[in-house]
Amino acid sequence: MRTYDRGDTLLITEIPTLTSETYKPFKEYAHGSLLPQHKVVEVDLSCARSVDSDGIGALISVHKAVCAQGGQVRLLQPAPLVAELFKILKLDHLFEIIPR
Amino acid sequence: MPSSVAIFAETYTRQFPCDLRSVAEMCRQVRAFFAQAGLIPIEIDIWELVLAESGNNAVNYATPDGSRLPIRVDVLATGEWAEARVTDHTAGFDFPEKAELPPEDSESGRGLFLIQSLTDEVCYLRGREENCLVLRKRRAASDLPPPPARAANVVEELREATHTLDLMTEELSSCYESLAAIFRFSAELHSASNPESFLQRWMDQLLSITESNWCVLRLPHGDGTELRVAASSDRDWRGEPVRLEHASSRASSVEARAATQHADVWFDTGSPLAPTDPLASLGETGSGFAHPLFVKDVMVGVLTAGRRSRVPFEAGQVGIIQTFGDFLGIQIHSRQMLEEQIRTRINTRDLEIAANIQRALLPERLPSVPGVSLAGFYRSAREIGGDYYDALPTEDGNLLLIVADVMGKGLPAAMFAFMFRSLVRARRDLASRPGEFLAWLNQNLLQELDRAEMFITAQLAYLDYQRDEIRVAGAGHPPFLSVNAAGKVRELRSGGPPLGIVPGAEFPEETHPLDGNRCLMFTDGLFEARNLNGELLGLDAVKCNLSSAGSAGEPCDVIQSRFASLLHDFEQGAPTADDTAFIVMARNDKT
Numbered sequence: 002m003r004t005y006d007r008g009d010t011l012l013i014t015e016i017p018t019l020t021s022e023t024y025k026p027f028k029e030y031a032h033g034s035l036l037p038q039h040k041v042v043e044v045d046l047s048c049a050r051s052v053d054s055d056g057i058g059a060l061i062s063v064h065k066a067v068c069a070q071g072g073q074v075r076l077l078q079p080a081p082l083v084a085e086l087f088k089i090l091k092l093d094h095l096f097e098i099i100p101r
Numbered sequence: 088m089p090s091s092v093a094i095f096a097e098t099y100t101r102q103f104p105c106d107l108r109s110v111a112e113m114c115r116q117v118r119a120f121f122a123q124a125g126l127i128p129i130e131i132d133i134w135e136l137v138l139a140e141s142g143n144n145a146v147n148y149a150t151p152d153g154s155r156l157p158i159r160v161d162v163l164a165t166g167e168w169a170e171a172r173v174t175d176h177t178a179g180f181d182f183p184e185k186a187e188l189p190p191e192d193s194e195s196g197r198g199l200f201l202i203q204s205l206t207d208e209v210c211y212l213r214g215r216e217e218n219c220l221v222l223r224k225r226r227a228a229s230d231l232p233p234p235p236a237r238a239a240n241v242v243e244e245l246r247e248a249t250h251t252l253d254l255m256t257e258e259l260s261s262c263y264e265s266l267a268a269i270f271r272f273s274a275e276l277h278s279a280s281n282p283e284s285f286l287q288r289w290m291d292q293l294l295s296i297t298e299s300n301w302c303v304l305r306l307p308h309g310d311g312t313e314l315r316v317a318a319s320s321d322r323d324w325r326g327e328p329v330r331l332e333h334a335s336s337r338a339s340s341v342e343a344r345a346a347t348q349h350a351d352v353w354f355d356t357g358s359p360l361a362p363t364d365p366l367a368s369l370g371e372t373g374s375g376f377a378h379p380l381f382v383k384d385v386m387v388g389v390l391t392a393g394r395r396s397r398v399p400f401e402a403g404q405v406g407i408i409q410t411f412g413d414f415l416g417i418q419i420h421s422r423q424m425l426e427e428q429i430r431t432r433i434n435t436r437d438l439e440i441a442a443n444i445q446r447a448l449l450p451e452r453l454p455s456v457p458g459v460s461l462a463g464f465y466r467s468a469r470e471i472g473g474d475y476y477d478a479l480p481t482e483d484g485n486l487l488l489i490v491a492d493v494m495g496k497g498l499p500a501a502m503f504a505f506m507f508r509s510l511v512r513a514r515r516d517l518a519s520r521p522g523e524f525l526a527w528l529n530q531n532l533l534q535e536l537d538r539a540e541m542f543i544t545a546q547l548a549y550l551d552y553q554r555d556e557i558r559v560a561g562a563g564h565p566p567f568l569s570v571n572a573a574g575k576v577r578e579l580r581s582g583g584p585p586l587g588i589v590p591g592a593e594f595p596e597e598t599h600p601l602d603g604n605r606c607l608m609f610t611d612g613l614f615e616a617r618n619l620n621g622e623l624l625g626l627d628a629v630k631c632n633l634s635s636a637g638s639a640g641e642p643c644d645v646i647q648s649r650f651a652s653l654l655h656d657f658e659q660g661a662p663t664a665d666d667t668a669f670i671v672m673a674r675n676d677k678t
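What follows is the structure, given as C-alpha cells:
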C-alpha cells in the first residue's frame with residue numbers, strides 16, 4: 002500500500018486485496034495516515050482482486066473517521082462485482098464510487 | 088434444486104486447516120477449478136466471495152476442539168448448476184430464512200446477507216460434530232456444452248459421473264421421503280380422531296426415516312412446569328415426568344435442559360445421560376439429542392431421538408429430525424389453538440344459556456298483594472351466577488318471600504337455581520312452615536347437589552297477615568332484616584346449614600311480630616361488594632341504610648333505588664365479583 006497526501010485529499014493506493022486476511026493492516030494504515038486537514042480520502046481499488054465483508058467493514062471504519070472531520074471517502078475504480086456489493090448492501094450512498 | 092442433473096460433472100474436494108490463510112488458498116484453488124469447469128469470470132468472482140465468507144465463518148466460529156479439525160469443501164459444477172458444501176466444526180446456529188443487514192455504521196455482520204444475496208439456494212444442515220453449509224447457484228451460461236469427454240479417460244469420467252448421479256439421486260430420494268412423510272403427517276393430523284395413536288404411529292415413521300433406534304415426544308403439562316410423555320417409539324415405555332425447574336445442571340434431564348435452554352442438547356458416550364434421566368431407562372442410549380419445539384416463544388414440547396450405537400446422527404438426519412420436530416410443534420400448537428377456540432365458543436354459549444336461564448328465573452313482575460308493596464333487584468356479575476328471589480302468594484292469602492344463592496357460576500349454578508325455583512313453586516303448600524319447607528328442599532336436592540359438589544344458601548319468609556307476624560327460616564344464608572318506623576333494625580338469624588350438605592338437616596324457624604313494617608332479604612353480593620381499594624361494604628352499612636329508610640318511611644321502590652345507588656357509589660366502578668339479589672317488602676297500612 003502507498004499513500005499520497007494531496008492537501009485536503011489522502012489517496013491510498015496499491016491495495017491488492019481487502020479481505021479477512023488483509024483488512025486489519027489496511028485499517029491501521031488508513032487511520033494512521035489520516036490527518037485533520039484531510040477532507041477526502043480516495044481509496045484506489047483498481048488493483049484489488051477481491052473485497053469481502055471484512056474489507057467492506059474496514060472501509061466503513063475509515064468512512065466514519067473521515068465523516069467525523071467533515072469529509073468523505075471516494076472509492077476509485079472498483080471491480081464491477083465490488084461496486085455491485087455496495088449496492089446489494091445498501092451502502093452505495095455512503096461512498097462516492099468512481100467506476101472503471 | 089436442479090431439475091435435471093448433467094451427466095458430466097466436475098468435482099473438487101479438499102480439506103484445509105482451520106485458519107484464514109488456508110481459506111484464502113482454498114478460494115484460489117476453487118477459482119481455478121471453476122475456470123476449468125467453464126464458469127465465466129463474474130461467476131467465479133462471486134463463488135470466490137461466497138466461499139471466502141463461508142470459510143471465514145467456519146474459522147472464526149470454530150469451537151476450541153473444532154479449530155483443530157480441518158474444514159472440508161466440496162465443489163461440484165454441472166452444465167446447469169454450481170454447488171459448494173462447506174463443512175464446519177462450529178457450535179452451529181439457526182440460519183435465518185432471510186438474513187438482515189446490520190446498521191449502516193456497523194463494521195461487521197454482512198457475511199450471511201452476501202451469501203444469501205449472491206446464491207440461488209442456501210441450506211445449513213446442523214449436526215452433532217459438524218455442520219454443513221450447502222450453496223447452489225445456477226450457472227449463467229447453462230447452454231454451454233458439457234466439457235469435452237476425452238477419449239482416453241471417457242470411461243473413468245463416466246464412472247465418476249454415474250457415482251455423482253447416484254449420490255444426488257439418493258439425497259433427492261431421502262428428501263422426497265421426508266417431505267412426503269411430512270405432507271402425509273400434516274394431512275392426517277387434522278383428521279386424526281385419536282391424537283395418541285396418531286402420534287405413536289408417527290414416532291415409528293420417524294424411526295424409519297432417520298435410522299433412529301428410539302424417539303420420545305414430551306408435551307408440557309399443567310402450568311407448564313412439567314413435561315410428560317405424549318408418545319414414544321417404545322410402546323411399553325412410559326417415562327417419568329420431568330420437572331423444568333433447576334434444569335440447568337448436567338445431572339438433570341436432557342429434555343428439561345433443551346426446553347429451558349431453548350437449544351438442542353446432545354448426549355453420547357462423552358457426555359452420557361445422567362443416571363437419573365428418565366431416558367436412561369430406555370436401555371442403551373449411545374447417542375442422540377433432545378430438540379425443543381418452540382412456536383414463537385411458546386414451548387410446545389420436546390422431541391428426542393437416539394441411537395443405541397455411539398455413531399452420531401449425520402447432519403442430514405439431524406436436519407430431518409429438527410425439521411420434523413419443528414413441523415410437529417407448529418401442528419401441535421395449531422391444534423391447541425383450535426381446541427382453545429372451541430372451548431371459548433362453548434364457554435360463550437354456556438354463558439348465553441346460563442344468562443337465559445337466569446332471566447327466566449326472576450319473576451317478570453312481583454305479585455300484587457293488598458296492603459303490601461314489593462320490589463326486587465338483581466344484578467349479575469361478569470360470570471352468570473345462581474342468585475334468585477321470588478314472592479309467591481299462598482292459598483291462605485299470605486305471602487312467601489324467597490331468596491337463594493347457588494354456590495358457583497355459569498350454567499351449572501343457573502340450572503340448580505332453576506331446579507330450586509321449580510321445587511319451591513311446586514310445594515308452596517309448605518309455605519307456612521318455612522323450616523319444614525327447607526328440610527324438604529334439602530332432601531330433594533341433596534343427591535344432585537352432592538354429586539355436583541355444590542350447595543345452595545336460601546331463606547324463606549312467610550308473612551302471615553292474619554297473625555301480623557313473620558316466620559323465617561334460613562339455610563346458611565345472610566340474616567333477614569326488618570326495620571320499624573323508628574328506624575330500629577331487627578336481625579333474624581336462623582341457623583340451618585346450606586342445602587345439599589347435611590342429609591336430614593333441620594332448619595329452625597323464628598317467628599316475630601310484623602312490627603317492623605319493612606323487610607329486606609338479600610344474597611351475600613349486597614354486603615360483600617368491594618370498592619377499588621378492595622374494601623368491603625359490610626353488613627353494618629346495609630343495616631344503617633335500612634334504618635334510614637325505615638325512619639324516613641321510604642316506599643319499596645325508593646328503598647330498592649337506595650341500595651342500588653349504595654352499591655354503585657361504593658364500588659366506584661370496581662368489577663363486580665358476585666351476583667346480587669334482594670327483595671324489599673313494605674306494609675302499606677302501617678306506613
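Respectively, the protein sequence lines represent chains A and B.
Numbered according to the working numbering, the first sequence spans residues 2 to 101.
Numbered according to the working numbering, the second sequence spans residues 88 to 678.
From the three backbone atoms N, C-alpha and C, an ideal C-beta is built for every residue, glycine too.
Remember, predicted model here, so these are calculated numbers, not experimental data.
### Query
What does Glu43(A) pair with, by DSSP beta-bridge criteria?
For the purposes of this step, residue 43(A) is taken as the residue at position 42 of the first sequence. Answer is Leu12(A), Arg75(A).
### Task
Give me the Cα-Cα distance between Ala572(B) and Arg649(B), rounded to the nearest whole angstrom.
Indexing the second sequence from 1 puts residue 572(B) at position 485. Indexing the second sequence from 1 puts residue 649(B) at position 562. Whole-angstrom Cα-Cα distance: 17 Å.
### Query
Name the DSSP bridge partner or partners of Glu170(B)?
What you label residue 170(B) is simply residue 83 of the second sequence in a count that begins at 1. Paired residues: Leu163(B), Arg223(B).
### Task
Would you give the residue range spanned by the alpha helix (DSSP H) that Leu212(B) belongs to?
Counting from one through the second sequence, the residue named residue 212(B) turns up at place 125. Unbroken run through Leu212(B) is the beta strand (DSSP E), 208–213; no alpha helix (DSSP H).
#### Entry: Rounded separation between Ala592(B) and Leu528(B) - CA only
Residue numbering aside, residue 592(B) sits at position 505 when the second sequence is read from its first letter. Residue numbering aside, residue 528(B) sits at position 441 when the second sequence is read from its first letter. Distance between the alpha carbons of Ala592(B) and Leu528(B): 10 Å.
### Query
Hey, does Ile57(A) have any beta-carbon neighbour from chain B nearer than 8 Å?
One-based indexing of the first sequence puts residue 57(A) at position 56. For Ile57(A), the answer is yes, since a Cβ of chain B falls inside 8 Å of its Cβ.
### Per DSSP, the bridge partner or partners of Phe669(B)
The residue you call residue 669(B) lines up with position 582 of the second sequence. Answer is Phe464(B), Phe609(B), bridged to Phe669(B).
### Query
Based on the DSSP secondary-structure assignment, which residues constitute the bridge partners of Glu97(A)?
Position 96 of the first sequence, counted from the first residue, corresponds to residue 97(A). BP columns for Glu97(A) point to Arg75(A).
### Task
Go through the stretch 380–456 of chain B residue by residue and report every complete run of the alpha helix (DSSP H) that reaches 4 residues or more, in order.
402–448
### Message
Can you tell me where the beta strand (DSSP E) holding Cys1(A) begins and where it ends?
### Response
With chain A covering 2 to 101 only, the question about residue 1(A) has no answer from this structure.
### Message
Gly153(B) and Val110(B) - do their beta-carbons sit closer together than 8 Å?
### Response
Position 23 of the second sequence, counted from the start, is the residue given in the question as residue 110(B). Position 66 of the second sequence, counted from the start, is the residue given in the question as residue 153(B). Note that the C-beta distance between Val110(B) and Gly153(B) is not below 8 Å.
### Message
Run through the DSSP bridge pairs and tell me what Ala491(B) is partnered with.
### Response
As a first step, residue 491(B) must be located in the second sequence, where it is residue number 404. For Ala491(B), which the question treats as bridged, DSSP gives the partners Tyr475(B), Ala545(B).
### Query
DSSP three-state call for Ile89(A): helix, strand or coil?
Along the first sequence, one-based indexing puts residue 89(A) at 88. Correct three-state label for Ile89(A): helix.
#### Entry: Bridge partner(s) assigned by DSSP for Pro600(B)
Position 513 of the second sequence, counted from the start, is the residue given in the question as residue 600(B). Glu556(B).
### Query
Looking at the structure shown, is Ile646(B) part of a helix, part of a strand, or coil, going by DSSP?
Counting from 1 along the second sequence, the entry for residue 646(B) is found at position 559. Helix at Ile646(B).
### Task
Could you give the DSSP three-state label for Leu304(B): helix, strand or coil?
On the second sequence, position 217 is the one that residue 304(B) refers to. Reduced to three states, the DSSP call for Leu304(B) is strand.
### Task
Go ahead and label Lys224(B) buried or exposed: buried means 16 or more other beta carbons lie within 10 angstroms of its beta carbon, across all protein chains shown.
Start at 1 with the first residue of the second sequence, and residue 224(B) comes out as number 137. With 16 or more Cβ atoms within 10 Å of its Cβ, Lys224(B) is classed as buried.
#### Entry: For Phe182(B), three-class secondary structure by DSSP
Position 95 of the second sequence holds residue 182(B). Coil at Phe182(B), not helix or strand.
### Query
Do you know offhand how far Phe414(B)'s Cα is from Gly56(A)'s?
Start at 1 with the first residue of the second sequence, and residue 414(B) comes out as number 327. Start at 1 with the first residue of the first sequence, and residue 56(A) comes out as number 55. Using only the alpha carbons, I get a separation of about 39 Å.
#### Entry: Bridge partners - Asp100(B), DSSP secondary structure assignment
Mapped onto the second sequence, residue 100(B) falls at position 13. Residue 100(B) is actually Thr in this sequence, not Asp. In DSSP, Thr100(B) forms a bridge with Asp161(B).
### Task
Measuring alpha carbon to alpha carbon, tell me which of Arg508(B), Ile588(B), Glu371(B) ends up nearest Glu540(B).
Mapped onto the second sequence, residue 540(B) falls at position 453. Closest in C-alpha terms to Glu540(B), from the list Arg508(B), Ile588(B), Glu371(B), comes Ile588(B).
### Task
Could you tell me whether the Cβ atoms of Ile98(A) and Leu82(A) are closer together than 8 Å?
In the first sequence, counting from the first residue as 1, residue 98(A) sits at position 97. In the first sequence, counting from the first residue as 1, residue 82(A) sits at position 81. No, the pair does not count as a contact, with Cβ atoms beyond the cut-off.
### Task
Please determine, among Glu187(B), Ala164(B), Val146(B), the residue with the shortest C-alpha to C-alpha distance to His176(B).
Here residue 176(B) refers to the residue found at position 89 of the second sequence. Selected option, being the one with the closest Cα: Val146(B).
### Message
Checking 8 Å against the spacing of the C-beta atoms, do Ile16(A) and Ala66(A) come in under that value?
### Response
To locate residue 16(A), count along the first sequence from 1; it is residue 15. To locate residue 66(A), count along the first sequence from 1; it is residue 65. Contact: no.
### Task
Compute the Euclidean distance between the alpha carbons of Arg7(A) and Phe87(A), then round it to the nearest angstrom.
Looking up residue 7(A) in the first sequence gives position 6. Looking up residue 87(A) in the first sequence gives position 86. Approximately 26 Å between the Cα atoms of the pair.
### Query
Do you know offhand how far Leu90(A)'s Cα is from Gly196(B)'s?
As a position in the first sequence, residue 90(A) is number 89, starting the count at 1. As a position in the second sequence, residue 196(B) is number 109, starting the count at 1. So the alpha carbons of these two residues sit roughly 11 Å apart.
#### Entry: Positions along the stretch 14–26 of chain A whose CB lies within less than 7 Å of some CB in chain B
Thr20, Ser21, Glu22
### Task
For Met2(A), decide whether its Cβ has a neighbour in chain B, counting only Cβ atoms nearer than 8 Å.
One-based indexing of the first sequence puts residue 2(A) at position 1. Not closer than 8 Å to any Cβ of chain B, the Cβ of Met2(A) fails to qualify, so no.
### Query
Apart from the five residues just before and just after Pro104(B), which ones in its own chain have a Cβ nearer than 7 Å to its Cβ?
Here residue 104(B) refers to the residue found at position 17 when the second sequence is read from its first residue. Answer for Pro104(B): Pro157, listed in chain order.
#### Entry: Alpha-carbon spacing of Ser631(B) relative to Thr667(B), whole angstroms
Reading the second sequence from its first residue, position 544 is the one you call residue 631(B). Reading the second sequence from its first residue, position 580 is the one you call residue 667(B). Per the sequence presented here, residue 631(B) reads as Cys, with Ser not at that position. Each residue's Cα considered, the two are about 18 Å apart.
### Residues of the stretch 119–139 of chain B with Cβ closer than 8 Å to any Cβ of chain A, in chain order
For the stretch 119–139 of chain B, the set of residues with a beta-carbon nearer than 8 Å to any beta-carbon of chain A comprises Ile129, Asp132, Ile133, Glu135, Leu136, Ala139, in chain order.
### 8 Å contact criterion, which Gln123(B) and Thr297(B) should meet: CB distance rounded
As a first step, residue 123(B) is located in the second sequence; it is residue number 36 there, counting from the start. As a first step, residue 297(B) is located in the second sequence; it is residue number 210 there, counting from the start. Actually they are not in contact, since the Cβ atoms of Gln123(B) and Thr297(B) sit about 38 Å apart, beyond 8 Å.
### Message
Just checking: is the beta-carbon of Asp6(A) within a distance shorter than 8 Å of some beta-carbon in chain B?
### Response
Looking up residue 6(A) in the first sequence gives position 5. Taking Cβ atoms only, chain B never reaches closer than 8 Å to Asp6(A), which makes this a no.
### Query
Beta-carbon separation of Glu194(B) and Ser51(A) under 8 Å?
Here residue 194(B) corresponds to residue number 107 of the second sequence, with the count starting at 1. Here residue 51(A) corresponds to residue number 50 of the first sequence, with the count starting at 1. The answer is no: Cβ separation not under 8 Å.
### Query
For Ser519(B), which residues of its own chain have a beta-carbon under 8 Å away from its beta-carbon, when the five flanking residues on both sides are left out?
Counting from one through the second sequence, the residue named residue 519(B) turns up at place 432. Contacts found: Thr481, Asp483, Asn485, Tyr549, Asp551, Arg558.
### Message
Within the continuous beta strand (DSSP E) that includes Asp6(A), where are the two ends?
### Response
For the purposes of this step, residue 6(A) is taken as residue 5 along the first sequence, with counting starting at 1. For Asp6(A), the enclosing beta strand (DSSP E) has its first and last residue at 3–7.
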